Amino acid sequence: MRYRTLGRTGIEVSVHCLGTMMFQDGFNSDHEECVRIIHAALDQGINFVDTADMYGQGESEEIVGKALRGRRDDVVLATKVHFQMGEGRNRSGNSRRWILKAVEDSLRRLNTDWIDLYQVHLPDPSTDIEETLSVLSDLVRQGKIRAFGCSNFPPEEIVEAHHVSERRGLGRFRTAQPPYSILARGIESSLLPVCERYGMGVLVWSPLAFGFLTGKHRKGRPVDLTAGRAALRPAFFDPAIAENTAKLDAVEQLIELATDIGCTLPQLAVAFTVAHPAVTSAITGPRTMRQLEDLLKGAALTLDDATLDRIDDIVPPGVNRYNPSTSFPPRSLTDTVLRRRPLAERAAA
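Just so you know, we're using this note's numbering here: the sequence shown kicks off at 42 and counts up by one.
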């Protein structure tokens, strides 16, 4: 396993990061098996583990906490804050009030005194970014977190956050966690260059494009929209939708490419993401031990220029074959009040 420095933090992390979203009820709720998977990943050289408080409403963090007993010092541990936790008001978002409560809850569930990388899971338009950066800076000074980053932030909000940090003398986002895969290359246009400009580490999620790059979904095969991930997001998988047809066409070409170079499609997909100079680590979230083993077999895969050129021919740089951020649409698109002037003000004269 190779290691890279996480931005300019000085922290060395494995190029594969173990994602633990699958370790919860509805995916894999066998805590003992999940602990074995985490231990197997650590034994193979992975030292970077990513989770979030909202994965199973804390269940994933609890599993990770069990797995790291006796091994905590050797692991770079990342978790996230933002989503609703339990019932009631003020139990979500990026406010000082909530983050101070949420970090204590995560520390307890993870059974640790500190978190290496604490990430803001989503932007919060109701909270001033200065408020968020201020409390995160305080947590670094208190020793409860070592560094902080953002997840699913658009490039313009990352730039704004850095300007606020500089202007107010606050700590700054050291990392970003965006979606990235062969089928979703949009972040190559601006987000990855922004991260490089600010010296940020980048850990990318969904390198297998919500399962499309596993090889399970093929052109011409029937799709069961009532089971698995297809049941959760049928619009991602319905072959009657043109966007999905484009994904399946690309998958067929990528399978041929993977066969030509002697690897599996998932191995090709993950190797592609970590070949970009701005990417520090790719988050892979196995549900089973077999899935982990299959992914680790491809850890040494090197994609030469000819292979990357062929990928560029299938999905050009900066192009999305689907929108990976539809799970977290910005308010500027979803709130009609932000897109429409009052009726009396819409005419030009």
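Using N, Cα and C, we set each Cβ at its ideal position, and we do this for glycine too. All values derive from a computational prediction rather than experimental measurement.
Here T153 really is in contact with R113; their C-beta atoms are around 6 Å apart, less than 8 Å. In the DSSP assignment, C191 is bridged to V161, A217. Looking at R110, A389, L266, F313, the one whose alpha-carbon comes closest to that of H57 is F313. Counting only residues of its own chain and dropping the five nearest sequence neighbours on each side, E229 has a CB closer than 6 Å to the CB of P358, G359. In this chain, the beta strand (DSSP E) harbouring E53 covers 53-55.
Taking a cut-off of 8 Å on C-beta distances, the segment 105-123 touches the segment 137-151, as three or more cross pairs fall below it.
In the structure shown, N131 falls within a coil segment according to DSSP collapsed to helix, strand and coil. V117 is a Cβ neighbour of V54, given a cutoff of 7 Å. Annotation for A82: L59, L333 place their beta carbon closer than 7 Å to its own, counting only its chain and skipping 5 residues before and after.
In this structure, the CA atom of D165 is about 44 Å from the CA atom of T300. For D66, same chain residues with a beta-carbon under 7 Å away, outside a window of 5 residues either side, are G97, E100 in chain order.
When rounded, the separation of the alpha-carbon atoms in C304 and D290 is 19 Å. Here DSSP, grouped into helix, strand and coil, assigns N285 to helix.
When only Cα atoms are considered, L266 and F278 end up about 7 Å apart.
When secondary structure is reduced to three states using DSSP, L118 falls in the strand class. Below 8 Å, enough C-beta pairs join the segment 67-75 and the segment 102-113 to call them touching: three or more.
Judged by DSSP secondary structure, L349 falls within the alpha helix (DSSP H) whose first and last residues are 346-355. Straight through space, the alpha carbons of W246 and A347 are spaced by roughly 25 Å. Within the DSSP secondary-structure output, V90 pairs in a beta bridge with L59, L118. Contact check for M63 against R238 fails: the beta carbons are separated by 7 Å or more. Beta-bridge partners assigned by DSSP to A225: S222, N361.
Going by DSSP, V264 is part of no beta strand (DSSP E) at all; its letter is neither H nor E. Proximity to V356 across R215, L298, T375 peaks at L298, based on C-alpha coordinates. By the neighbour-count definition (other C-beta atoms within 10 Å, threshold 16), E103 is a buried residue. When C-alpha distances from I186 are compared across L244, D157, R270, the shortest belongs to D157.
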